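K.L.:
Sharing a structure, written as structure tokens. Questions coming.
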Amino acid sequence: MPLIYVCPKSKVPEAARDLRPSHLITLLDPSDDMPTPEEVSGHRHLRLGMHDVTAPSPDHHAPPDEMHVRELISFAKGWDRSQPMLIHCWAGISRSTASALTIACLLSEPGREETIARLLRARAAHAQPNRRLVALADDILGRDGRMVDAVDAMGPAKVVFEGVLFSLPLHVR
């Protein structure tokens with residue numbers, strides 16, 4: 010069964026070594042960087058620079074935008090699912106979980122959004138998907154608000170400084 014793994018930046022080297030993902034997605038502030046682990050081919054490492062905010066503000070000039078979500082979706086469509094995908098942001102809580110939810114919805118039939126979000130919550134009590142990323146993905150994928158509603162139905166996340174590595178299976182029943 011194909012799996013998406015999510016973790017904080019601090020756990021990427023260990024996760025890449027142990028999981029041997031074919032694809033890596035990095036979602037960090039525009040000024041931050043993450044070198045490509047030797048276990049991942051450079052052309053299979055997507056870097057998206059955005060702040061973890063839900064609206065533009067004077068302090069954060071790069072909120073998630075439509076271009077970021079389109080790049081994420083395009084990259085995910087190139088994943089053959091024969092090996093895991095690893096997604097990370099700074100803490101493994103918001104941008105990365107929103108991206109995992111987006112990819113799981115992309116690869117599932119419409120109408121499975123709530124089931125996917127419930128599974129995300131069960132796998133990661135700390136998950137707090139970035140609502141702007143989710144709303145943009147919902148619109149691009151034509152989910153008519155179901156992704157946003159599913160995230161709302163997840164309820165509050167467990168408050169943590171940093172998330173832990175977790176997996177999200179793609180064949181959701």
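Going by our numbering, the first residue of the sequence shown is number 10, and it counts up by one from there. Every residue, glycine too, gets a C-beta built ideally from N, C-alpha and C. As the structure is a prediction and not an experimental result, all values here were calculated from the model.
Tell me which same chain residues have a C-beta within less than 6 Å of the C-beta of cysteine 16, skipping the five on either side of it?
P.N.:
For cysteine 16, where only same-chain residues beyond five positions count, the Cβ hits under 6 Å are Ala24, His97, Gly101 and Leu174.
K.L.:
CA-CA distance, arginine 79 and isoleucine 149?
P.N.:
Each residue's Cα considered, the two are about 8 Å apart.
K.L.:
Roughly how many angstroms separate the alpha carbons of arginine 26 and threonine 45, rounded to a whole number?
P.N.:
The alpha-carbon atoms of arginine 26 and threonine 45 are separated by roughly 12 Å.
K.L.:
Tell me whether serine 19 sits in a helix, a strand or coil according to DSSP, three-state version.
P.N.:
Correct three-state label for serine 19: helix.
K.L.:
Kindly indicate which residue of Ser103, Gly154 and Leu116 has the alpha-carbon position closest to the one of arginine 90.
P.N.:
For arginine 90, the nearest C-alpha among the options comes from Leu116.
K.L.:
Taking the alpha-carbon positions, what's the lysine 18 to alanine 166 distance?
P.N.:
Going by the C-alpha atoms only, they are around 19 Å apart.
K.L.:
According to DSSP, simplified to helix, strand and coil, what is serine 66?
P.N.:
Reduced to three states, the DSSP call for serine 66 is strand.
K.L.:
Apart from the five residues on each side of it in sequence, which residues of its chain come closer than 7 Å, Cβ to Cβ, to alanine 162?
P.N.:
Closer than 7 Å at the Cβ level, and outside the excluded window around alanine 162, lie Glu123 and Ala126.
K.L.:
Given that a residue counts as buried once 16 or more other Cβ atoms are within 10 Å of its Cβ, and exposed if not, what is arginine 29?
P.N.:
It counts as exposed.
K.L.:
Skipping 5 residues on each side, what residues in its chain have a beta carbon closer than 7 Å to that of alanine 144?
P.N.:
Val157.
K.L.:
Could you say which of Val160, Ala71, Ala159 and Thr106 lies nearest to leucine 38 if we only look at CA atoms?
P.N.:
The sequence as given places aspartate at residue 38; leucine does not occur at that position. With distances taken between Cα atoms, aspartate 38 lies closest to Ala71.
K.L.:
Candidates Leu110, Val169, Asp42 and Gly51: which alpha carbon is nearest histidine 180's?
P.N.:
When only C-alpha atoms are compared, the closest one is Leu110.
K.L.:
By alpha-carbon positions, which one of Ile34, Met59 and Asp61 ends up nearest to histidine 52?
P.N.:
Looking at the Cα atoms, Ile34 is the closest of the given residues.
K.L.:
When you compare the CB positions of arginine 104 and methionine 59, do they come within less than 8 Å of one another, or not?
P.N.:
Yes, the Cβ-Cβ distance between arginine 104 and methionine 59 is below 8 Å.
K.L.:
Report the residue from Ser31, Ala64 and Pro67 whose alpha carbon sits nearest the alpha carbon of serine 50.
P.N.:
If we check each option's Cα against that of serine 50, Ser31 comes out closest.
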